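Residue numbers (our numbering): 12 to 170.
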């Protein structure tokens, strides 16, 4: 089975790579050292350093595995190189207005780099799926958990 493509911005890929390198090169060796020291102290069944260290090592290994899989399937897309800048595609910063003329600015990014509080929404989110291919002036209905909402595309930019 072919793994699903994982679109990501260059900054998002760099952040994933930096996290991977930090875990592998800094955190994991520190935990390994603590675990080996704690194991040398004798009884492991009631050794807090040993038990916590082993648990933390499993968490780090799980995150390393997840990051490795995501980076392997990552397709780095630079938003600046988008040929059709009049439509909303991956990497677009879109200004939206709802029925009450409340504006909202969102940037369509990869699912690994989404952060709704800063306006970065994942490429597979309901709002991003509704905005794909939209141009300025289009109206898009979005089915959100709180109910359907209509948005008008006010502006599209690729930063």
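Beta carbons are placed, not taken as given, at the ideal position from N, Cα and C, and that holds for glycine.
As the structure is a prediction and not an experimental result, all values here were calculated from the model.
Thinking C-alpha only, which one of 157, 89, 149 and 93 is nearest residue 137? Of 157, 89, 149 and 93, the residue nearest in Cα terms is 157.
Suppose you measure from the CA of residue 170 to the CA of residue 66; what does that come to, to the nearest Å? For residue 170 and residue 66, the distance between alpha carbons rounds to 42 Å.
Beta-carbon proximity of residue 130 to residue 117, cut-off 7 Å: When the beta-carbon positions are compared, residue 130 and residue 117 come within less than 7 Å of each other.
So, is residue 86 buried or exposed, given that buried needs 16 or more other C-beta atoms within 10 angstroms? It is exposed - the Cβ of residue 86 has fewer than 16 other Cβ atoms within 10 Å.
My guess is that residue 153 and residue 133 are in contact by the Cβ rule of under 8 Å, so how many angstroms apart are they, rounded? For a cut-off of 8 Å, the C-beta gap from residue 153 to residue 133 is around 14 Å, too long to register as a contact.
Straight-line Cα distance separating residue 77 from residue 13: Note that residue 13 scores 48 on pLDDT, short of 50, meaning its location in the model is unreliable and no value can be drawn from it.
Can you give the Cα-Cα distance for residue 113 and residue 90, rounded to whole angstroms? Between the alpha carbons of residue 113 and residue 90 lies a gap of roughly 26 Å.
Would you check if the distance between the CB atom of residue 107 and the CB atom of residue 115 is smaller than 7 Å? A contact, by the Cβ cut-off of 7 Å.
Look at residue 162 and residue 126 and say whether their C-beta atoms are less than 7 Å apart. Residue 126 sits away from residue 162, with the two beta carbons spaced by 7 Å or more.
Per the DSSP calculation, residue 106 is bridged to which residue(s)? The bridge partners DSSP lists for residue 106 are 116 and 166.
In this structure, does DSSP put residue 147 in helix, strand or coil? Three-state result, residue 147: coil.
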